[in-house]
Amino acid sequence: MVADDGRPDPADIDADAVLQRAGFDADESVLTRRQAEVLALRERGLRQSDIADRLGTSRANVSSVEASARDNVERARETVAFAEALSAPVRVEIEAGTDLYDAPKRVYDACDDAGVKVNHTAPELMKAIGDRAGDAVHGREVRRRLYITVAGDGKIRVRRP
């Protein structure tokens, strides 16, 4: 059922079922059960105030739990990216102040040295770097140092320290 404002009715969402379908395991996750529940309900369109009512807490508490959960997810992503970077055969550092147009040549040269093929044209590579770097790239300017890794299969990853 849908509420008058077009949002799902909080009573119609079974958080346990959502977590089970997503394969959530509290013993293996970086998220607490409560954090996972709040994220699941938010992803289903519930407002923080609806979740607070449902959980018998304040909206401020839900906001805090959600912020902590999103921070934990981002840290987990960074940890995975770091672990992948350690084993990547190609690692290129792009310093702040570098013109983004110079990045593909540096990546291609490093890939050639390592015998790794990148399946991106220079424009595609610049777009991928710009998209994945977020606010570290503005226009053509790299504003914060970036680490670009290329796996043996040619998959690129961009990390911001």
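Counting in the numbering used here, the sequence shown runs from 54 upward without gaps. Glycine included, C-beta positions come from ideal geometry on N, C-alpha and C. Note that the coordinates shown come from a computational prediction; the quantities given were computed from them, not determined experimentally.
- Checking the DSSP bridge columns, you'll see Glu-194 partnered with Asp-152, His-191.
- By the criterion of at least three beta-carbon pairs nearer than 8 Å, the region 90 to 106 is not in contact with the region 142 to 162.
- Taking all protein chains in view, the Cβ of Val-133 is surrounded by fewer than 16 other Cβ atoms within 10 Å, so the residue is classified as exposed.
- DSSP places Ile-104 inside the alpha helix (DSSP H), whose first and last residues are 101 to 108.
- In the DSSP assignment, Thr-132 falls within the unbroken alpha helix (DSSP H) covering 112 to 140.
- The residue from Val-195, Ile-201, Glu-148, Thr-151 with its alpha-carbon nearest to that of Tyr-161 is Ile-201.
- Counting only residues of its own chain and dropping the five nearest sequence neighbours on each side, Met-179 has a CB closer than 8 Å to the CB of Leu-153, Tyr-154, Ala-156, Pro-157.
- In terms of Cβ geometry, Gln-73 and Val-118 do not form a close pair [threshold 8 Å].
- Here Val-91 is near Ala-122, since their CB atoms are less than 8 Å apart.
- Burial state of Val-195 is buried, judged by a 10 Å Cβ sphere holding 16 or more other Cβ atoms.
- Taking C-beta atoms under 8 Å as the contact rule, Val-211 and Ala-186 qualify, at a distance of about 5 Å.
- In the DSSP assignment, Leu-199 falls within the beta strand (DSSP E) that extends over 199 to 203.
- In the three-state DSSP reduction, Glu-146 falls in the strand class (E or B).
- Relative to His-173, the option among Gly-183, Gly-207, Asp-188, Arg-198 whose CA is nearest is Gly-207.
- Ile-209 sits in a strand when the DSSP states are folded into three classes.
- For Glu-96, the enclosing alpha helix (DSSP H) begins and ends at 86 to 96.
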